[in-house]
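Participant:
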Amino acid sequence: MSDREWIVPAIMLTCGLALVAILFTPSIAGLATNLVIMPAWMLAATVVGAVYGFVRMALAGVRSPTAEMIRFVREERSRLLPIVLIVGLAGANMTAFLWVKPLLNYLVPFTADPMLARADALLFFGHDPWRVLGWLDVAGAEFVYHKLWTIMMILTLIVVAQAPASPEKSAVMTSYFVLWSLAGPLIHIALPAAGPLFYERMGFGERFAGVTPGAETRVMADYLWAVYSSGEFGAGSGISAMPSLHVTTAAWIAIAIHVFAKGWFWPVASFSVLLFLLSMGLGWHYAWDGIVGAGAALVSYRVLLDIYRRRSAGVRAPAIA
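According to my numbering, the sequence shown holds residues 123 to 443 in order.
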């Protein structure tokens, strides 16, 4: 089995997502604002990758990690290329997703918030989750929820990129693109929800009026609302609670680490659980947004793993015979 098994679907999913945005966005000019995502993503990946490589070499006892990193970039491009490919494809896919996300707001009205709020209260024995978890909204919470999440996603992509081709690698990587390209948009269409932070602004009532987000969350929420209410498209805009792609990808990260770096699984799983709790404590999401997203991550990986294992066994069968 080769990496082509996941690269081709990843490119097709990314191109398909971008094509949907190009065909249905009212003004192509609205897509231009999100073009800043790709260079910002690649810059972040370069920094994260450099720090990751430096730390690994330092821990391995390399005398001059900086010199070794320079040598690696110059002389071992065949090992660097898969990392650049995976991170680059993921960045292109995220750009395409951020084209489609505000388009969904334009095409699909929000209707699922009251139902999800009631379902959350049932799950939490009559309480809204933010009332139970609001204490998590402390200094640094927004950093963990947004920036550390991005760092962990990039680190995981780098770890997976270094693994040899296998059914497991193909399943992990294809599921990443399936989650962003298909699961996220389709689940949003089925259950279009804005989230607790926007509940009152959407006209659903004052149930979440007591949510008091931190400064970073408030600024981001106000920006998203300003773009949404104007009917325009902005960089990183689009409101969507169901599913929580923060939690969805956090679950994907845990799955990937369990497969390729099992010794780090429990710390990473703890991070994923914390992100799930923060998604509610900060007011962005209902509990069911994360539950559905994590379920989608697990199901997509297991289904794809079965497909790739069957395909791999089919390829090997003639040689065995």
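Ideal Cβ placement from N, Cα and C applies to all residues, glycine included. Nothing here was measured: the structure is a model prediction, and the numbers come from that model.
Count the other CB atoms, across all protein chains shown, that sit within 10 Å of the CB of V170; report buried if there are 16 or more and exposed otherwise.
Facilitator: When all chains shown are included, V170 counts as buried.
Participant: Given that a residue counts as buried once 16 or more other Cβ atoms are within 10 Å of its Cβ, and exposed if not, what is I150?
Facilitator: The residue is exposed, with fewer than 16 neighbouring Cβ atoms inside 10 Å.
Participant: Is the distance from the Cβ of G213 to the Cβ of M160 below 8 angstroms?
Facilitator: Closer than 8 angstroms, so yes.
Participant: Please list, in chain order, all residues of the same chain as A372 whose beta carbon is under 6 angstroms from its beta carbon, the five residues on each side excluded.
Facilitator: Hits under 6 angstroms: S394, L397.
Participant: With S392 as the anchor, note down where its alpha helix (DSSP H) starts and where it stops.
Facilitator: Here the alpha helix (DSSP H) through S392 covers 387 to 403.
Participant: Does the Cβ of W406 have 16 or more other Cβ atoms within 10 Å, making it buried, or fewer, making it exposed?
Facilitator: Per the 10 Å Cβ criterion, buried.
Participant: Determine the burial state of A419: buried for a count of at least 16 other Cβ atoms within 10 Å of its Cβ, exposed for fewer.
Facilitator: Classification of A419: buried, given that the 10 Å Cβ count is 16 or more.
Participant: Quick check on DSSP: helix, strand or coil for L313?
Facilitator: Coil at L313, not helix or strand.
Participant: If L258 sits next to L399, beta carbons under 8 angstroms apart, how far is it from one beta carbon to the other, in whole angstroms?
Facilitator: Between L399 and L258 the Cβ distance is about 6 angstroms, and since that is below 8 angstroms, they are a contact.
Participant: Kindly say whether T339, judged by its beta-carbon, lies nearer than 8 angstroms to any beta-carbon of chain B.
Facilitator: Chain labels in this structure do not include chain B; a single protein chain is all it has.
Participant: Could you round the C-beta distance between P314 and P231 to whole angstroms and report it? I think they count as a contact, below 8 angstroms.
Facilitator: Confirmed, Cβ separation roughly 7 angstroms.
Participant: Excluding the 5 residues flanking S186 on each side, which residues of the same chain have their C-beta closer than 6 angstroms to its C-beta?
Facilitator: Same-chain partners within the cutoff: there are none.
Participant: For Y350, report the span of its alpha helix (DSSP H) as first-last.
Facilitator: Run containing Y350: 337 to 352, per the alpha helix (DSSP H) assignment.
Participant: Quick one: grab the DSSP three-state call for R185.
Facilitator: It is coil, neither helix nor strand.
Participant: List the endpoints of the continuous alpha helix (DSSP H) containing T217.
Facilitator: Taken as a continuous stretch (DSSP letters only), the alpha helix (DSSP H) holding T217 covers 199 to 229.
Participant: Could you pull the start and end residues of the alpha helix (DSSP H) that A293 belongs to?
Facilitator: Segment 289 to 300, the alpha helix (DSSP H) holding A293.
Participant: Taking only the alpha-carbon atoms, compute the straight-line gap between V294 and G353 and give it to the nearest angstrom.
Facilitator: The straight-line gap from Cα to Cα measures roughly 36 angstroms.
Participant: Which of the three DSSP states, helix, strand or coil, is assigned to T147?
Facilitator: Correct three-state label for T147: coil.
Participant: Closer than 8 angstroms is the cut-off here; do at least three beta carbon pairs connect the stretch 223 to 240 with the stretch 369 to 385?
Facilitator: Result no; under three Cβ-Cβ pairs closer than 8 angstroms.
Participant: When the distance is taken between beta carbons, is G403 closer than 8 angstroms to T370?
Facilitator: Contact: no.
Participant: Given this structure, state the Cα-to-Cα distance separating S448 from F299, to the nearest angstrom.
Facilitator: This structure gives no information on residue 448, because the portion of the chain shown stretches from 123 to 443.
Participant: Can you give the Cα-Cα distance for R201 and F194, rounded to whole angstroms?
Facilitator: Going by the C-alpha atoms only, they are around 9 angstroms apart.
Participant: Using beta-carbon positions only, say whether P289 and Y430 come within less than 8 angstroms of one another.
Facilitator: Yes, Cβ-Cβ distance for P289 and Y430 is below 8 angstroms.
Participant: Give the DSSP-derived three-state secondary structure of A167 in the structure shown.
Facilitator: A167: helix per DSSP, three-state reduction.
Participant: Classify V130: buried if its beta carbon has 16 or more other beta carbons within 10 angstroms, exposed otherwise.
Facilitator: V130 is exposed by the Cβ-count criterion.
Participant: Looking at C-beta atoms only, is the number of pairs between the stretch 314 to 330 and the stretch 276 to 284 that lie closer than 8 angstroms three or more?
Facilitator: As far as the Cβ criterion goes, the stretch 314 to 330 does not touch the stretch 276 to 284, which means the pair count is below three.
Participant: Kindly list the residues whose CB is nearer than 6 angstroms to the CB of I208, restricted to its own chain and excluding five residues on each side of it in sequence; keep chain order.
Facilitator: The answer, listed in chain order, is L279, A283.
Participant: Helix, strand or coil for W406? Go by DSSP, reduced to three states.
Facilitator: Three-state result, W406: coil.
Participant: Under 8 angstroms, do A305 and W410 count as touching if we go by C-beta distance?
Facilitator: Not a contact, by the Cβ cut-off of 8 angstroms.
Participant: For P204, I'd like the list of residues in its chain whose CB is within less than 6 angstroms of its CB, leaving aside the five on either flank, ordered along the chain.
Facilitator: These residues qualify, in order along the chain: A283.
Participant: Can you tell which of W221, T272, N227 has the C-alpha that lies nearest to the C-alpha of T168?
Facilitator: That would be T272, whose Cα lies nearest to the Cα of T168.
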